[in-house]
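Protein chains in written order, with our numbering: chain A, 1 to 330; chain B, 1001 to 1434. The beta-carbon is built from N, C-alpha and C at its ideal position, and this holds for glycine as well.
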């Protein structure tokens, strides 16, 4: 948005490129600029209201002692500097060890879910780029999880994974007879596996859709030429497909990574307000601290650290991996 | 700092605008004739049933006083967060129901209007309330800001048919009997090698119920959640013993199915009882669920108490009613509180919801006295003589969440093949409480 603001001529509806006209007078330029500012004003105001101000307040909360005592006059809540952070980061305290543990767990969760989703999506996208009978049907089928609201899909998974009468255990124990004890899927160690599986189920169609769109842009002549030169399919994939969709790919990984790192809906619906310890991700932990233990300060400090970490990672990622302005044209 | 305040002020103003435009409970400033808003607790399985019962009471109030009442029935799971939002934004209803166990926390917010002196006299004084329930609505030594509304207690519900089949004549009176009777009732009825009828069923993943059981048993063992200075004592020897006794139903005497570790709704435990999968439950008010499932094979007895322990069968459960200090309609609001705690309305509401009245004389109303409700006597005795108030401290909400979660984790660790480690988890929970 700031770029738009500093280059008002791109936002103003000028009928022809400015260069081809006579040098404009200052008043006209000022008018244009005013119009541009006017046009973006609603967006700026809403952005402030919906994003910036709540974010600033969230940061502020991390530095004050906010609980039910100070909530009513929260502007006067005592400023305690870095105390919330000290508590949240102290690995010997209950809160700190839980926070640090959940950071590591969330990282593993992101890598696993993102990795598997990407491989599935890539395979399906490459497969569906070649034309064959029933392709349209498969394409629709693959997108079904994406069309189902997360809450509905996750609730259904919750029923399926129920230890006593869920369909998963019926298949494993009653039909296949793989084990005599009905395993628990929603509590204990398995809960993490369940969380990853449900997340992949709901995430991979989006990756599939993005990759499929990117693959449509790769010209078929390149593959034809490569085939003539005797390149195998595998080699074509590595030397043509991947490099040619790398920009879409990079953006996709960034978006999915950020989504997954902030994952809240799936654990909340699957496990309820309190995730089992083995599947406790950062966002649900922040929720637990803020709204179940009413320790808004600790919740705020954790949110702030999460925001900071994601910001740093994103900035480096965008610098290193995403294409610079000019490169986008290829 | 000043800039931050300006931004914060702008945000608060924006929040108020949003709240006023998006939320009907924001309330009109008292129009002539009067109109108030009320957030009511959900007392039945569906919101609609609660609304119908409240509406009847409100109609009687409006006819009497000409004051209109706009009300919203809020599920228990959402109520505390709604209240906190109301407290922080200053835009709440005029009258509010709160859980009895939140008395300490909400007193600390300073958002509730003080009820004392003239106001209290005008409400009919404190003597007309059931003393134990009235005491639980006030933090000792602090100003009073709520009065009881409807009351509830934990009792033992058991299946007489299953008891007879096992040759048991009487419901257990002590905790020790409860455990041994439970073992007799835990059987493999169809001989397939798997137990399909358990002695007891409970929602072991439900934080609140776990905390309640930890409190009730803790009191019996002579423990408490906090000491005299208000410091949390979740890991005291007595509390650890008490929670070990409760978790022991699954881990030790094994009268509770390990799969209960996944149950987070009290209603699911009641369902197991109705289905005959369990012979006993400890619950506050499962009767409505019994009725809706046409289930009549149940009887009630007091919560079993440790043979040589304190006679605490329940905490003071239920709802208090209070007026927000920011309400511009204080007079009408307190008129409404008076109406809802009147003898007649108490009998009506208690009867409609299967709850206990908080006003002593309401028990003599024909609606209750002649109702033929066999549970009333048992529950009234528990309410009057064998209930203890949940600790009346500011961080009780946090304590409840911490201890309830520790109990849940113990159950779940055992069910998934780990170590219940009650003492360790309670110590960790105690460390979480500020």
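With a threshold of 8 Å on Cβ separation, who are the neighbours of residue 178/A within its own chain once the five nearest residues in sequence on each side are excluded? 172
Below-9 Å beta-carbon distance, residue 190/A vs any chain B residue: yes
Residue 1099/B, enclosing beta strand (DSSP E) - first and last residue: 1095 to 1099
Since residue 93/A meets chain B, which of its residues come closer than 8 Å, beta carbon to beta carbon? 1431
Return the first residue and the last residue of the alpha helix (DSSP H) that residue 308/A is part of. 296 to 320
What's the call for residue 1433/B, buried or exposed, on a 16-neighbour Cβ count within 10 Å? buried
Which residues, taken in chain order from the region 1103 to 1121 of chain B, show a beta carbon closer than 7 Å to some beta carbon of chain A? 1105, 1108, 1109, 1110 and 1111
Check this for me: beta carbons of residue 1218/B and residue 1231/B, under 9 Å apart or not? no
When you compare the region 73 to 91 of chain A with the region 291 to 302 of chain A, are there three or more beta-carbon pairs, one atom per stretch, that lie closer than 8 Å? yes
Over what stretch of residues does the beta strand (DSSP E) that includes residue 1068/B continue unbroken? 1068 to 1074
Since residue 186/A meets chain B, which of its residues come closer than 7 Å, beta carbon to beta carbon? 1262
Interface flag, residue 29/A vs chain B, CB-CB below 9 Å: no
Can you tell me where the beta strand (DSSP E) holding residue 1302/B begins and where it ends? 1299 to 1302
Contacts of residue 58/A in chain B (Cβ-Cβ under 8 Å): Those do not exist, as residue 58/A stays about 11 Å from chain B at its closest Cβ, beyond 8 Å.
Range of the contiguous beta strand (DSSP E) that encloses residue 1282/B: 1278 to 1283
When Cβ atoms are compared, which residues of the region 60 to 74 of chain A fall closer than 7 Å to chain B? 60, 68, 69, 71, 72 and 74
List the residues that DSSP assigns as beta-bridge partners of residue 1036/B. 1069/B
How long is the line joining the alpha carbons of residue 1376/B and residue 1308/B, rounded to whole angstroms? 26 Å
Nearest chain A C-beta to residue 1088/B closer than 9 Å, yes or no? yes
Just the Cα atoms here: how many angstroms apart are residue 264/A and residue 287/A? 9 Å
Express the C-alpha separation of residue 1178/B and residue 1026/B in angstroms, rounding to a whole number. Low confidence applies to residue 1026/B: its pLDDT is 35, below 50, so where it sits in the model is not reliable enough to give any reading.
Minimum Cβ-Cβ distance from residue 1084/B to chain A less than 9 Å: yes
What is the DSSP secondary structure of residue 1042/B, reduced to helix, strand or coil? coil
How should residue 1350/B be labelled, buried or exposed, when 16 other C-beta atoms within 10 angstroms of its C-beta is the threshold for buried? buried
Strand pairing of residue 1256/B, partner residues [DSSP]: 1200/B
Output needed in chain order: residues of the region 1224 to 1236 of chain B with a Cβ under 7 Å from some Cβ in chain A. none
Would you mind stating whether residue 1335/B and residue 1168/B have Cβ atoms separated by less than 9 Å? no
Do residue 1056/B and residue 1316/B have their C-beta atoms within less than 9 Å of each other? no
Spell out the partners DSSP gives residue 1125/B in its beta bridges. Residue 1125/B is not bridged to any residue.
Neighbouring residues, chain B, relative to residue 276/A (Cβ below 7 Å): 1412
Give every residue of the same chain whose Cβ lies closer than 8 Å to the Cβ of residue 241/A, excluding the five residues on either side of it in the sequence, and list them in chain order. 126, 215 and 218
Considering only residues of the same chain and omitting the five flanking positions on each side of residue 115/A, which have a CB-CB separation below 7 Å? none
Please name the residue, chosen from 1298/B, 1358/B, 1276/B and 1202/B, that lies closest to residue 1131/B on a Cα-to-Cα basis. 1358/B
What's the C-alpha gap between residue 1212/B and residue 186/A? 24 Å
7 Å Cβ cut-off: residues of chain E touching residue 163/A: Included in the structure are the protein chains A and B, with no chain E among them.
Min CB distance residue 272/A to chain B below 9 Å: yes
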